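The structure appears right after this line, and notes come after that.
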Amino acid sequence: MKILKVLLGLIIVFVLCATAFAWYQSSIAEKERQAELALENKILNREFRPIIENYIGAYNRCDIDEASTYISQEQLSFDADVTRLFEMRLGALERFCKKLSVTIKTIRTLRMHNDDAASIRIALNLTVNESGEMVDPGTDYNKWSFKKEEGTWKIRSDSFEKLLTKYHSVLEQPSHNN
0 MKILKVLLGL IIVFVLCATA FAWYQSSIAE KERQAELALE NKILNREFRP IIENYIGAYN
60 RCDIDEASTY ISQEQLSFDA DVTRLFEMRL GALERFCKKL SVTIKTIRTL RMHNDDAASI
120 RIALNLTVNE SGEMVDPGTD YNKWSFKKEE GTWKIRSDSF EKLLTKYHSV LEQPSHNN
């Protein structure tokens, strides 16, 4: 009988120790995840948020020339067909900016691919300028890619035009501000 009590006591001690160890490991993993998230947010806020805010600010002011300064030179310097396509894209953005305003909801999930490439998930809010109606863009087109050029991060692809063209019906309505 004493052996059973001792054995049962050892099992209980083992279970308690295993539970405490599992909790300790879990709390260490959570602290590491929190530290990584804090570092990610620091990099996002220092390196990328100003670029995104300035780009969207320029778009909202319909200052397409300024907006293009945040775009990767790689996008600007391809052959003539790509340059013409880029000019069409800027023209489309210029039309869109008269109809829709954009605000940043969240910037999250930094993925550094190497020292000169990164991608970020950005959630945006859209507002129809004439009515002030907020449109929920969902999360279909929220991945932005960045490339480091001469020490400065530039937007390589922003999915921005795709997001705006999702609201084709809003954009096709005639504007009274022209």
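Position one of the sequence shown corresponds to residue 0 (numbering that gives the first Met the number 0), numbered consecutively onward.
We put the CB at the ideal spot given by N, CA and C, even for glycine.
Computed from a predicted structure; not experimentally measured.
Item                                                                                                              : Value
Neighbour-count burial assignment, leucine 36, 16 or more Cβ in a 10 Å radius                                     : exposed
Helix, strand or coil at serine 100 according to DSSP, with G and I counted as helix                              : strand
Cβ-Cβ distance between valine 14 and tyrosine 58 below 8 Å                                                        : no
Residue closest to aspartate 114, alpha-carbon to alpha-carbon, out of Lys97, Ile63, Thr105, Lys146               : Lys146
Nearest-angstrom beta carbon gap, alanine 117 and leucine 109 [assumed within contact, 8 Å]                       : 6 Å
Closer than 7 Å: leucine 109 CB and nearest the ligand FAD heavy atom                                             : Inclusion of the ligand FAD in the displayed structure is not the case, the ligand content being empty and no account of it being possible.
Residue environment, leucine 123, which counts as buried when at least 16 other CB atoms sit within 10 Å          : buried
Isoleucine 154, enclosing beta strand (DSSP E) - first and last residue                                           : 151-156
Isoleucine 106 vs leucine 43 beta-carbon contact at 8 Å                                                           : yes
Span separating the alpha-carbon of alanine 91 from that of isoleucine 50                                         : 21 Å
Reference isoleucine 154; option with closest CA among Lys104, Arg94, Ile55, Asn128                               : Ile55
Classification of asparagine 176 by the beta-carbon crowding that lies within 10 angstroms, buried from 16 upward : Any reading at asparagine 176 is ruled out, since the residue's pLDDT is 47, under 50, leaving its predicted position unreliable.
Host alpha helix (DSSP H) of glutamate 46 (start-end)                                                             : Careful: glutamate 46 lies outside any alpha helix (DSSP H) and carries neither H nor E.
Backbone CA spacing between lysine 104 and tryptophan 152 [nearest angstrom]                                      : 21 Å
DSSP-derived helix/strand/coil call for asparagine 141                                                            : coil
Exposure label - leucine 9; buried when at least 16 CB within 10 Å                                                : exposed
Where the beta strand (DSSP E) containing serine 130 begins and where it ends                                     : That residue, serine 130, is in no beta strand (DSSP E); it is neither H nor E in DSSP.
Counterpart residues of serine 178 in DSSP-defined beta bridges                                                   : With the chain covering 0 to 177 only, the question about residue 178 has no answer from this structure.
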